[in-house]
């Protein structure tokens, strides 16, 4: 046993846990080090990559941890020699090697599972996307369809919705990014109508279309928005009959073989759909996206839509950001530019030697949502720019920036707001009515603990409404599922309301048929109360009135993306409570996730 191993044993693991390492990280590192000669460098590398994966990073750059110290003692080597050493010991291997750690050609170290998911996503999204087999006359038919569904006036700003639709029609895979109210769902509804028409021309039948989102709430919102868009469009009966009437979660899509029966798709078994639309793609983590693309048949079209400026997924990766932020403006390949000009009349800048993904990404920029409450739109734009001064200067309907100046007791202010918006909630007994009341008002927290954390604020709301009386379970308790349960068909993010049924407490969850299903509270997986919820958990949801609470002390979780995401959850009224200096620090901090995906997609594969 070498000196550093002895030092580790003498000091125990307290010094490591103080630097954010969990018991799982250290157990994994100890296991790997023991397999490779009690090597301290292996221990540190394994502990670091495990810790950082819990923080959302797909990999670590070894060079960043040169000289890494624990209890004042240096453990880290320089990046190059460290990587070579990991290879020599057999702890890390290259692509395709059966090692628990994988080292790429840029000195990035991965857990094997994350590297494999990254490879799967890069292979799918990094290859040529443009369809090259459009039959004779198809271009004319597509142009006619685009003009019919997007009859905007000529001249002025290009119709970016029409452009996004054209990109979707001529690519087997595409990404549509846009902020709230930019018309993503309306655009996709028109795209699906055009694809139905195209499929009938080519195959004399209707395509199988699937709609999915990361959470049940997001799936319900997607279907609601699409139903609204369908009601406003002049669609033929044939097209209406082919468009989907329900959306599901990605987990259910990959796992369900019928209601009540659950089985994971085996590798190589393709999803039975011709077209797959995934909404809220920014919420999709790398492992889930990897499993999704592995499940697609070569002929399946994939359309991802979401907001690239929102928070990245809770779990590892920032797939939507990696897909979108590598693109420079609207530049496309020469061939794509020529085809899009023919279809839409819109001329885009073109270039050579571009990544294939450049032809598949479109951003919608014009918001149509906040006309009656412009303050929310102005606040979202200011947050997205990182402009704290502009945010503080907004005086417009729909937005309020509050802080310590609201009085010496911000909780008193919050209690008053809660009583105003949730007046009468305690008298409700119908689950749908309670869910509707909570959809009209929600408190979002940046952190889980502390005076402005989720736990404390949920207790405040319970006290204001006279609910619970100290009991964990009570009628009217709203809960969110925080872990998947395939047996019950419940997934992380599903939300329900506690009600009395047959003399016992059960939680009512909306089902995909528009009804409610009741599950006894004792049978549920892990859940948490959601009068207040974290901003991360709110992704995929919208509420009429929203309060965003930032803590009184700075924390790494406070980022520009978090503030922007919180603001854009509101439909009509948004209030942000924050000390000015905390808001400024948050808007100046960007989310950074270590990954090799962006480089692989936009600059070529990392060897």
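Numbering (full-length UniProt numbering), first residue to last: 1 to 607. All C-beta atoms, glycine included, are put in the ideal place defined by N, C-alpha and C. Everything numeric in this text was worked out from a predicted model, so none of it was measured.
- Fully contained in the region 358 to 387 are the following beta strand (DSSP E) runs of length 3 or more, in chain order: 361 to 364.
- Under the three-state reduction of DSSP output, residue 243 falls in the coil class, being neither helix nor strand.
- Residue 310 and residue 503 have their C-alpha atoms roughly 43 Å apart.
- In this model, residue 340 and residue 519 are separated by some 51 Å (Cα to Cα).
- Beta-bridge annotation (DSSP): residue 594 is not paired with any residue.
- If you look at residue 312, you'll find it isn't in any beta strand (DSSP E); DSSP assigns it neither H nor E.
- In summary, residue 287 is buried, with 16 or more beta-carbon neighbours lying within 10 Å of its beta-carbon over all protein chains present.
- Burial check for residue 152: the Cβ neighbour count within 10 Å stays below 16, so the residue is exposed.
- The count of Cβ pairs closer than 8 Å, one atom from the region 415 to 422 and one from the region 584 to 598, stays below three, leaving the stretches out of contact.
- Two segments are said to touch when three or more pairs of C-beta atoms, one from each, lie closer than 8 Å; by this definition the region 87 to 100 touches the region 39 to 58.
- In this structure, the alpha-carbon of residue 559 lies about 40 Å from that of residue 208.
- Around residue 573, the same chain offers 398 and 545 as residues with beta carbons nearer than 6 Å, after the five sequence neighbours per side are excluded.
- The three-state reading of DSSP puts residue 195 in helix, counting H, G and I together.
- Going by DSSP, residue 464 is part of the alpha helix (DSSP H) stretching over 454 to 465.
- In the DSSP assignment, residue 234 forms no beta bridge with any residue.
- Approximately 4 Å separates the beta-carbon atoms of residue 306 and residue 282; this is inside 8 Å, confirming the contact.
- In the three-state scheme derived from DSSP, where H, G and I count as helix and E and B as strand, residue 473 is classed as coil.
- Of the residues assessed, residue 527 falls on the buried side of the cut-off, its CB having 16 or more other CB atoms within 10 angstroms.
- Contact between residue 331 and residue 350 holds, with the beta-carbon distance rounding to 7 Å and staying under 8 Å.
- Linking residue 541 to residue 442 through their CA atoms gives a straight-line distance of about 10 Å.
- When 302, 179 and 458 are compared, the shortest CA-CA separation from residue 211 is found for 302.
- Around the Cβ of residue 34, a 10 Å sphere holds fewer than 16 other Cβ atoms; the residue is exposed.
- Excluding sequence positions up to five before and after residue 464, its CB lies within less than 8 Å of the CB of 415, 418, 419 and 422, all in the same chain and listed in chain order.
- A direct Cα-Cα distance of roughly 15 Å separates residue 250 from residue 319.
- Below 8 Å, enough C-beta pairs join the region 429 to 442 and the region 494 to 501 to call them touching: three or more.
- Per DSSP, residue 498 is one residue of the beta strand (DSSP E) stretching across 495 to 501.
- Counting C-beta atoms within 10 angstroms of its own C-beta, residue 160 has 16 or more neighbours from the protein chains shown and is therefore classed as buried.
- Within the region 129 to 162, complete alpha helix (DSSP H) segments of at least 4 residues are found at 138 to 149, given in chain order.
- In the three-state scheme derived from DSSP, where H, G and I count as helix and E and B as strand, residue 486 is classed as coil.
- Relative to residue 112, the option among 84, 59 and 63 whose CA is nearest is 59.
- Between residue 122 and residue 488, the C-beta gap is not smaller than 8 Å, which leaves the two residues out of contact.
- Comparing alpha-carbon positions, the option among 110, 468, 436 and 195 lying closest to residue 57 turns out to be 110.
- For the options 400, 388 and 356, the alpha carbon positioned closest to that of residue 374 is the one of 400.
- Secondary structure of residue 93 (DSSP, three-state): strand.
- Beta-bridge pairing by DSSP links residue 61 to 108.
- Here the alpha carbons of residue 447 and residue 483 stand approximately 19 Å from one another.
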